[in-house]
Amino acid sequence: MTAFARCTAGAIAIVPTRRCAALSRRGHSAKFALAGPRVARSAQLRTCSVTAISVGDKVPGDIKFNYFDAEGNMQAVAVDDLTKGKKVVLIGVPGAFTPTCSLKHLPGFLEKADELKSKGVDTIACVAVNDAFVMDAWSKSVGTDDKIMMLADGSADFTKAIGVELDLSDKGLGIRSRRYAMLLEDGAVKELNLEEGGAFTVSSADEILSAL
Amino acid sequence: MAKEGSPLPQVELQEGAPDNNVKLTDIFKGKKGILFGVPGAFTPGCSKTHLPGYVNDYAKLSEAGAQVIVCVSVNDAFVMEAWGKQTGAEAKGIRMLADTHGELAKALGLELDMAKALGMNRMKRFSAVIEDNKIKSLNVEPDGKGTTCSLSNAIMSQLKA
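Residue numbers (the numbering used here), protein chains in the order written: chain A, 7 to 218; chain B, 682 to 842.
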């Protein structure tokens, strides 16, 4: 017995029903088009996601982000250079200038930035699927100063590579990132607090602080 | 590519929030106004020259016959709203519309390949006088990015014509 699993990117996979259930248990979920009356009753309509990065994995080192430096010049930085031999807190947000990101998530990290650094964090960086100009303007609007690096994942390369893309096309935003807070040590994921979508529950600064 | 005499495409853009859809043809129905497009909110040319020109000349343009002035870009509605606030455009009354999925850029034939620099394709810089949903005049920057023929001072005479 098979079900059609459609993932948010639009790809359709025909998977055995048992595999659907297995995928669901492991954190995948799929939008099932019921193929027949005997398709698994447990099929729930949720949005599909690919396997997200997990604790112990290394982030893809060669992907680059654009950002604006303190002098106002556009720079590019590879994930490797950002994370090698360092303790990094990476914050993922669905979008610059969006309500929760602007009013709660990013300001929370700004508030705890000094405390995070006192506990050994070398760099705090925020990633969104926006261009560098927008990230720079947003950082000025929130007032991050140079406490948080604002990294532009304009084409969602990094976001897709670590499997945390979020299809917000229905909401008028296109492909974005799920909200998350990640602790990296020498490029390896030590702690990952990943929200389902744009919810704000486990991905706060306090949660990351307790992991340090 | 759209040209003078073409009808305004019937696309829906977003304003203020991603779920707030507005039809461009509702805005320009029975009215004379200006529609201008930029490659990107918060980018240098757009922020330092193009948009400020329309903000500063708003009164003059209104006197010259513009009943509505609309700025569009391939950005999301939150970004457009923030940009409109930061530049004073919103306060002046310029409508900041998000061509979130690039539909207007495509419909006008004004897509600009900026995927490398900005992560997705954008819209060529242009300005147009729209009269009752018809493109009366259209000024597209030759390279899509420069700040010459699409500026507010250049469109003044087209409004009066």
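Using N, Cα and C, we set each Cβ at its ideal position, and we do this for glycine too. Only a predicted model underlies this, so the values are computations on that prediction, with no experimental measurement involved.
Can the beta-carbon of Ile59 (chain A) be found less than 8 angstroms from the beta-carbon of Val195 (chain A)?
-> One-based indexing of the first sequence puts residue 59 (chain A) at position 53. One-based indexing of the first sequence puts residue 195 (chain A) at position 189. Yes, Cβ-Cβ distance for Ile59 (chain A) and Val195 (chain A) is below 8 angstroms.
Distance, Arg185 (chain A) Cα to Gly204 (chain A) Cα = Here residue 204 (chain A) refers to the residue found at position 198 of the first sequence. Here residue 185 (chain A) refers to the residue found at position 179 of the first sequence. Taking the straight line from one Cα to the other gives about 5 angstroms.
What are the residues of the region 762-784 of chain B that lie near chain A, defined by any Cβ-Cβ distance shorter than 8 angstroms?
-> Glu762, Ala763, Trp764, Gln767, Ala779, Thr781, His782
Determine the chain B residues that contact Leu179 (chain A) at a beta-carbon separation under 9 angstroms, and present them in chain order.
-> The count along the first sequence starts at 1 and reaches residue 179 (chain A) at position 173. Those within 9 angstroms of Leu179 (chain A) in chain B are Pro699, Asp757, Ala758, Phe759, Thr781.
In chain order, each alpha helix (DSSP H) run of at least 4 residues that lies wholly inside the region 68-143 of chain A = 85-89, 112-117, 119-124
Taking Gly734 (chain B) as the reference, which of B:Leu832, B:Leu840, B:Lys841 has the closest Cα?
-> Along the second sequence, read from residue 1 onward, the residue named residue 734 (chain B) stands at position 53. For Gly734 (chain B), the nearest C-alpha among the options comes from B:Leu832.
Three or more C-beta pairs below 8 angstroms linking the region 145-157 of chain A and the region 168-175 of chain A | no
Starting from the C-beta of Gly193 (chain A), find all residues in its chain whose C-beta is less than 8 angstroms away, skip the five residues before and the five after it, and write them out in chain order.
-> The residue given as residue 193 (chain A) occupies position 187 in the first sequence. Closer than 8 angstroms at Cβ, skipping near neighbours: Lys64, Val65, Gly67, Val85, Asp86, Thr89, Lys90.
Could one say the Cβ of Gly203 (chain A) lies closer than 8 angstroms to chain B's Cβ atoms, at least one of them?
-> For this step, residue 203 (chain A) is matched to residue 197 along the first sequence. Answer no: the Cβ-Cβ gap between Gly203 (chain A) and chain B never drops below 8 angstroms.
Under 7 angstroms between beta-carbons, which chain A residues line up against Thr724 (chain B)? List them in chain order, please.
-> Residue numbering aside, residue 724 (chain B) sits at position 43 when the second sequence is read from its first letter. Phe139, listed in chain order.
Below 8 angstroms on the Cβ atoms is my guess for Asp159 (chain A) versus Ala119 (chain A); work out the distance and round it to an integer in Å.
-> Here residue 159 (chain A) refers to the residue found at position 153 of the first sequence. Here residue 119 (chain A) refers to the residue found at position 113 of the first sequence. About 21 angstroms separates the two Cβ atoms, so there is no contact after all.
Chain A beta carbons: is any one of them nearer than 8 angstroms to that of Gln695 (chain B)?
-> Looking up residue 695 (chain B) in the second sequence gives position 14. Closer than 8 angstroms: yes.
Pull out every residue of the region 103-131 of chain A whose Cβ sits closer than 7 angstroms to any Cβ of chain B, in chain order.
-> Phe103, Thr104
What separation, rounded to the nearest whole angstrom, lies between the Cα atoms of Lys92 (chain A) and Ala143 (chain A)?
-> The residue labelled residue 92 (chain A) in the question sits at position 86 within the first sequence. The residue labelled residue 143 (chain A) in the question sits at position 137 within the first sequence. Spanning the two alpha carbons is a distance of roughly 27 angstroms.
Are Leu791 (chain B) and Asn802 (chain B) touching if we call contact CB-CB under 8 angstroms?
-> Numbered from 1 along the second sequence, position 110 holds the residue referred to as residue 791 (chain B). Numbered from 1 along the second sequence, position 121 holds the residue referred to as residue 802 (chain B). No.
In whole angstroms, what separates the C-alpha of Glu784 (chain B) from that of Asp128 (chain A)?
-> By 1-based counting over the second sequence, the position of residue 784 (chain B) is 103. By 1-based counting over the first sequence, the position of residue 128 (chain A) is 122. When rounded, the distance between both Cα atoms is 42 angstroms.
At 9 angstroms on the CB atoms, spell out the chain A contacts of Gly721 (chain B), in chain order.
-> Indexing the second sequence from 1 puts residue 721 (chain B) at position 40. Within chain A, the residues near Gly721 (chain B) are Asp137, Phe139, Val140.
Roughly how far, in whole angstroms, is the beta-carbon of Met837 (chain B) from the beta-carbon of Leu742 (chain B), given that I think they are within contact range, below 8 angstroms?
-> Translated into positions along the second sequence, residue 837 (chain B) becomes position 156. Translated into positions along the second sequence, residue 742 (chain B) becomes position 61. With a Cβ gap of about 7 angstroms, Met837 (chain B) and Leu742 (chain B) count as contacting.
Please list, in chain order, all residues of the same chain as Gly126 (chain A) whose beta carbon is under 8 angstroms from its beta carbon, the five residues on each side excluded.
-> By 1-based counting over the first sequence, the position of residue 126 (chain A) is 120. Answer for Gly126 (chain A): Lys93, Leu218, listed in chain order.
When burial is assigned at 16 or more other CB atoms within 10 Å of the CB, is Gln691 (chain B) buried or exposed?
-> Position 10 of the second sequence holds residue 691 (chain B). Exposed, by the Cβ-count rule.
Can you list the residues of chain A that Leu799 (chain B) reaches, using a CB-CB cut of under 7 angstroms?
-> The count along the second sequence starts at 1 and reaches residue 799 (chain B) at position 118. In chain order: Asp137, Gly160.
Verify whether the separation of the beta carbon atoms of Asp757 (chain B) and Thr781 (chain B) is less than 8 angstroms.
-> Locating residue 757 (chain B) in the second sequence gives position 76, counting from the first residue. Locating residue 781 (chain B) in the second sequence gives position 100, counting from the first residue. The answer is yes: Cβ separation under 8 angstroms.
Flag Lys64 (chain A) as yes when its Cβ comes closer than 7 angstroms to any non-hydrogen atom of the ligand GDP, and as no otherwise.
-> Although the ligand GDP was asked about, the structure shown includes no ligands whatsoever.
Thinking C-beta only, is Glu171 (chain A) closer than 8 angstroms to Ser183 (chain A)?
-> Position 177 of the first sequence, counted from the start, is the residue given in the question as residue 183 (chain A). Position 165 of the first sequence, counted from the start, is the residue given in the question as residue 171 (chain A). In this structure, Glu171 (chain A) lies closer than 8 angstroms to Ser183 (chain A) by Cβ.
Indicate the three-state DSSP secondary structure (helix, strand or coil) for Ser161 (chain A) in the structure shown.
-> Along the first sequence, one-based indexing puts residue 161 (chain A) at 155. Coil.
Where Glu771 (chain B) falls, given that 16 or more other Cβ within 10 Å makes a residue buried = For the purposes of this step, residue 771 (chain B) is taken as the residue at position 90 of the second sequence. So Glu771 (chain B) ends up on the buried side.
Top-ranked residue by Cα proximity to Val83 (chain A), from A:Phe103, A:Leu157, A:Thr57 = Counting from one through the first sequence, the residue named residue 83 (chain A) turns up at place 77. Of A:Phe103, A:Leu157, A:Thr57, the residue nearest in Cα terms is A:Leu157.
Can you give me, in chain order, the residues of the region 82-102 of chain A that have a beta carbon less than 9 angstroms from any beta carbon in chain B?
-> Gly101, Ala102
Grouping DSSP H, G and I as helix and E and B as strand, with all else coil, what is Glu822 (chain B)?
-> Counting from 1 along the second sequence, the entry for residue 822 (chain B) is found at position 141. Glu822 (chain B) falls in the coil class under three-state DSSP.
Does the distance from the C-beta atom of Phe139 (chain A) to that of Gly721 (chain B) stay below 8 angstroms?
-> On the first sequence, position 133 is the one that residue 139 (chain A) refers to. On the second sequence, position 40 is the one that residue 721 (chain B) refers to. In this structure, Gly721 (chain B) lies closer than 8 angstroms to Phe139 (chain A) by Cβ.
What residues of chain A sit near Ala786 (chain B), judged by a beta carbon separation below 8 angstroms?
-> Counted from its first residue, the second sequence places residue 786 (chain B) at position 105. Going along chain A, no residue has its Cβ under 8 angstroms from Ala786 (chain B), so there is no contact; the nearest lies around 14 angstroms.
Please confirm if Ala796 (chain B) has its CB atom under 8 angstroms from at least one CB of chain C.
-> The chain labelled as chain C is not found among the protein chains of the depicted structure, namely A and B.
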